[in-house]
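If you read the sequence shown in the numbering used here, its first letter stands for residue 673, the second for the next number, and so on.
To start, the structure itself, in structure tokens.
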Amino acid sequence: MARKGAFNDDDLNDIDDLLPPSAPRPVAHAAPLVAVPDVAEVPAPVADSVEAAPKAPKKAAPKAAASPVAEPTKRPRTRAKNGQSVPEAHVAGVVAEVLRQLTHTEKQQRGEGRSYGAVVLDAIEAHEFELQNHFTTAASAKPAGRLFKRVDAARPRRRRHSEPQVKIALSGIIAEDMAAIDDLVETWQTGSRSALVDQALKLYLAEDIERINSANDEESEFEDERAEG
């Protein structure tokens with residue numbers, strides 16, 4: 673007798689009822705279509721019409737100013753056109769004033785006036801013997817009532833000025849003539865070049881010096897009268 677199987681075809685039809693319900697299969701949705709514009713309709717990129725502003729140049733940092741160094745002020749020496757220093761002499765203030773007026777007047781009248789040095793040379797030549805007697809007598813003279821001079825004539829004597837002295841430039845004197853003047857200073861024992869030049873100009877410009885001194889005296893008397901009144 674043949675055995676009968678445990679399941680038959682009818683039973684297989686009911687197997688779906690025994691299995692758990694299966695999950696529904698997801699349905700793939702199509703991506704939405706995006707309208708793509710034609711190439712002709714796409715605007716071309718516009719170039720930026722605004723140019724980039726140039727960068728400002730960097731300013732150099734200001735250098736620290738060097739602190740000024742105080743330098744000693746030096747009085748410039750009078751120099752001739754050839755660059756050599758011009759000899760100088762100290763004379764009385766009134767002598768310097770008359771000398772200035774004389775040379776200025778000569779330049780206005782003749783167009784070419786004498787230099788200070790030229791006037792000094794003329795003054796020494798015009799009063800040579802007077803100058804020699806003046807200085808040699810003073811150098812050899814002894815004090816009144818004394819036996820001895822007590823002063824070395826070879827040593828330069830210090831001048832005592834009763835009025836302010838003014839320095840003048842002895843321009844226009846060549847080196848040989850200046851050396852001759854310095855020789856006269858030693859020969860006549862004037863004590864200094866300035867003493868010789870001052871005395872020579874006082875003799876040479878005596879009239880003009882007297883005129884200016886008289887005018888100054890009158891002005892001083894007038895001021896004194898005003899002060900007293």
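Even for Gly, the Cβ is constructed at its ideal location relative to N, Cα and C.
Item to check | Cβ-Cβ separation, V770 to D880 (assumed contact under 8 Å), whole Å | outcome: 5 Å
Item to check | Residue range of the alpha helix (DSSP H) that includes V869 | outcome: R865 to Y876
Next on the checklist: I want to know whether the stretch 776-790 touches the stretch 798-807 - three or more CB-CB distances under 8 Å.
Outcome noted: no
Next on the checklist: According to DSSP, Q837 sits in a beta bridge with which residue or residues?
Outcome noted: A764
Checklist entry - Just reading off the alpha helix (DSSP H) that G789 is part of, what are its end residues? => result Y788 to A798
Next on the checklist: What does the Cβ neighbour count give for A872, buried or exposed, with the cut at 16 atoms within 10 Å?
Outcome noted: buried
Item to check | Boundaries of the alpha helix (DSSP H) in which I853 is found, first to last residue | outcome: A847 to T859
Next on the checklist: Using C-beta distances below 6 Å, list every residue in its chain close to S787, excluding the 5 sequence neighbours before and after it, in chain order.
Outcome noted: S843 and G844
Item to check | Alpha-carbon spacing of N888 relative to H762, whole angstroms | outcome: 21 Å
Checklist entry - Under the rule that 16 or more other beta-carbon atoms within 10 Å means buried, what is R865, buried or exposed? => result buried
Checklist entry - Buried or exposed: where does Q773 fall if 16 or more other Cβ atoms within 10 Å of its Cβ makes it buried? => result exposed
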